[in-house]
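Visitor: Counted the way my numbering counts, the sequence shown spans residues 501 to 900. By construction, the Cβ of each residue, glycine as well, lies at the ideal position given by its N, Cα and C atoms. Quantities reported herein were computed from a predicted structural model and do not represent experimental measurements. Structure provided below as structure tokens; questions to follow.
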Amino acid sequence: MKILDRLLGRKAAQLTYDQVADLIDGTGGGRVAGFAVTDKTALQVTTVLACVKAIADGCATPDLHVYREKADGTREKATNIPEYRLLSRRPNEWQTSFEWRRQMTLHAALTGTGLSLKVRGDNRRVRELIPVMPGRWDVRKVARYEVRYRCWDEFGLIGEFTPDEVFVLNGVQWDWMNSLNAVVLARHAIGLAMATERSQEAMHANGLRPSGTYSVEGNLSTEQHARLTAWLKKSAGAENNGIPLVLDRAAKWFSTAMTGVDAQHVETRRLQIEEICRGYGVFPIMVGHSDKSATFASSEAFFGAHTKHTLAPWHRAWTQRLDETLLDGSGPLFTEFDTRYLMAGSMKDRAMWARTMAEMGIYTRNEIRDEEGKDPLPGLDDPLTPLNMSGSKPTGDDDE
């Protein structure tokens, strides 16, 4: 293209950083079944959107608190430090904590890594966390164990940053520097889902009438063939569905395509939902897909398994990254997601558990109130002692 531009005296257009990243397949996944599978096109598949949204919402919905561990082993909320408001309320000028955490998790779940720039104040404390879009940053080694992050936007290069100047949320990692791109790894399942949807879309656009051959007696001239083809196109389509097709000259219609039942569209689409969910580690019931074996009772077990097996690893990835790269590392400060509402059972089960733990003396009544998110009350800090477990010495005839 450059040689042709020089010969014709034209000036070649300068590519943007985003275009260069697309050319080198920075966040893409290649072509499958004739469809380009990238992070943006993958989101158009409802199962992919539902999977990454289930993960992102599971990391954004719980409250995120910063705690300080005290000398006696207890903890308290560190509300007097700027990082508390930064993480729990407003990480930057444009987003709330919920919006920022959901966006970062969405980037990490979809492309493998989410990145935000740290903006520090005069006291070197982090004042803002500004997310960078996937495909608009890269990481490279400048020494054996030293890396630099290069970020840009639609206006050009933002700059190069050290690991201490960025906050990175990683998904599954192949090495210590790069994460695995979920879209690239699951591109075959996502591409087949795209092809299946497009095939069924074309069938519905044609009024659910498969293609075929229109056969007439005798030879057709070029003009007659063109007119007949144009008439068939005009008579087809969903808007003409149900209108009888009048054939002349002993014409016959021979179907040459499979129907939706023959192609097993429903079975294929169900399988693709399960395959994409398997790739993202999300239970199909969390994206609104369940088979006949799922019952109301088993649904509660699935929801609990989603919290333990899908969200817990992401919560741990979040808290350890925040503790080590945003707070004081090995100091007394640490973050924690409040996931009690995710694990809470029914009111009857919780009441039975609270009564048993209090009467057995395992939990104090204020500890149980803390589990329910209630403030402590005076006089409820001492554990109860069951009457049949009293340590006093029984009196009897042996003492006489």
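Per DSSP, what are the beta-bridge partners of Gly910 in this structure?
Guide: For residue 910 there is no data in the structure shown, the boundaries of the chain being 501 and 900.
Visitor: Alpha carbon to alpha carbon, how far is Lys848 from Val537? Give it in angstroms, no decimals.
Guide: Distance between the alpha carbons of Val537 and Lys848: 48 Å.
Visitor: Near Gly879, which residues of its chain fall below 8 Å by C-beta distance, leaving aside the five closest residues on each side in sequence?
Guide: none
Visitor: Around the Cβ of Val626, are there at least 16 other Cβ atoms within 10 angstroms (buried) or fewer (exposed)?
Guide: buried
Visitor: Would you list, in sequence order, the uninterrupted beta strand (DSSP E) runs of no fewer than 3 residues that lie entirely inside the stretch 776-842?
Guide: 833-838
Visitor: Taking buried to mean at least 16 other C-beta atoms within 10 Å of its own C-beta, is Asn681 buried or exposed?
Guide: buried
Visitor: Compare the Cα-Cα distances from Phe802 to each of Trp818, Gly781, Trp814 and report the closest residue.
Guide: Per the Cα distances, Gly781.
Visitor: Thr944 lies in the alpha helix (DSSP H); which residues open and close that run?
Guide: Outside the displayed range of the chain (501 to 900) lies residue 944, so it cannot be described from this structure.
Visitor: Give me, in chain order, the residues of the same chain whose beta-carbon lies closer than 7 Å to that of Ser799; leave out the 5 immediate sequence neighbours on both sides.
Guide: These residues qualify, in order along the chain: Ile785.
Visitor: Starting from Ala619 and walking both ways along the beta strand (DSSP E), at which residues does that stretch end?
Guide: Contrary to the premise, residue 619 reads as Val rather than Ala in this sequence. Counting along the chain, the beta strand (DSSP E) containing Val619 begins and ends at 613-620.
Visitor: Given a cut-off of 8 Å on the beta-carbon distance, is the pair Leu811 and Gly558 in contact?
Guide: yes
Visitor: Between which residues of its own chain and Glu665 is the CB-CB distance below 8 Å, once the five residues before and five after are set aside?
Guide: Correct list, in chain order: Leu617, Lys618, Tyr649.
Visitor: Just grab the DSSP bridge partners of Pro631 for me.
Guide: Ser616
Visitor: Could you tell me which of Arg640, Arg698, Asp791, Gly718 sits nearest to Phe535, measuring between CA atoms?
Guide: Arg698
Visitor: Okay, do the stretch 548-567 and the stretch 724-735 touch, 3+ Cβ pairs below 8 Å being the bar?
Guide: By the criterion of at least three beta-carbon pairs nearer than 8 Å, the stretch 548-567 is not in contact with the stretch 724-735.
Visitor: Can Phe834 and Asp823 be called in contact, C-beta distance under 8 Å?
Guide: Taking 8 Å as the Cβ cut-off, Phe834 and Asp823 qualify as a contacting pair.
Visitor: In angstroms, rounded to a whole number, what distance separates the CA positions of Ile690 and Phe598?
Guide: 28 Å
Visitor: Are the beta-carbon atoms of Phe783 and His806 separated by less than 8 Å?
Guide: yes
Visitor: Can you check which of these residues, Lys733, Thr819, Pro631, Leu692, is closest to Arg770 by C-alpha distance?
Guide: Leu692
Visitor: Identify, in the order they occur along the chain, each residue of the same chain with its Cβ nearer than 7 Å to the Cβ of Gly779, setting aside the five sequence neighbours on each side.
Guide: Here the set comprises Ala682, Leu685, Ala686, Ala689.
Visitor: Decide if Asp791 is buried, meaning its Cβ has at least 16 other Cβ atoms within 10 Å, or exposed.
Guide: Exposed, because fewer than 16 other Cβ atoms sit within 10 Å of the Cβ of Asp791.
Visitor: Could you tell me the boundaries of the alpha helix (DSSP H) in which Leu685 lies?
Guide: 682-685
Visitor: Near Val647, what residues of its chain come up, given a Cβ to Cβ distance below 7 Å and the 5 sequence neighbours on each side ignored?
Guide: Result list for Val647: Val639, Arg640, Lys641, Pro663, Met677, in chain order.
Visitor: Excluding the five sequence neighbours on either side, which residues of its own chain have a C-beta within less than 7 Å of the C-beta of Ile630, listed in chain order?
Guide: Asn592, Ser616, Leu617, Val619
Visitor: Which residues share a DSSP beta bridge with Thr546?
Guide: In the DSSP output, where bridge partners are listed per residue, Thr546 has none listed.
Visitor: Ala844 by DSSP, collapsed to three states: which one?
Guide: coil
Visitor: Taking the beta strand (DSSP E) that Glu717 belongs to, which residues open and close that run?
Guide: Counting along the chain, Glu717 falls outside any beta strand (DSSP E), and DSSP gives it neither H nor E.
Visitor: Compare the Cα-Cα distances from Val532 to each of Thr696, Pro582, Gln820 and report the closest residue.
Guide: Thr696
Visitor: For the alpha helix (DSSP H) that contains Asp638, what are its first and last residues?
Guide: Here Asp638 belongs to no alpha helix (DSSP H); instead the beta strand (DSSP E) covers 637-643.
Visitor: Rounded to whole angstroms, how far is the Cβ of Phe667 from the Cβ of Leu826, which I believe are closer than 8 Å?
Guide: 6 Å
Visitor: Going by DSSP in three states, Tyr584 sits in which element: helix, strand or coil?
Guide: helix
Visitor: So what does DSSP say about Asp881, is it helix, strand or coil?
Guide: coil
Visitor: What is the rounded straight-line gap between the Cα of Ser588 and the Cα of Arg601?
Guide: 10 Å
Visitor: Apply the 10 Å Cβ neighbour rule to Leu507 and answer buried if 16 or more other Cβ atoms are within range, or exposed otherwise.
Guide: In this prediction, Leu507 has a pLDDT of 44, which is less than 50 and means its spatial position is unreliable; nothing more can be read from the coordinates.
Visitor: Helix, strand or coil: how does DSSP classify Arg770 here?
Guide: helix
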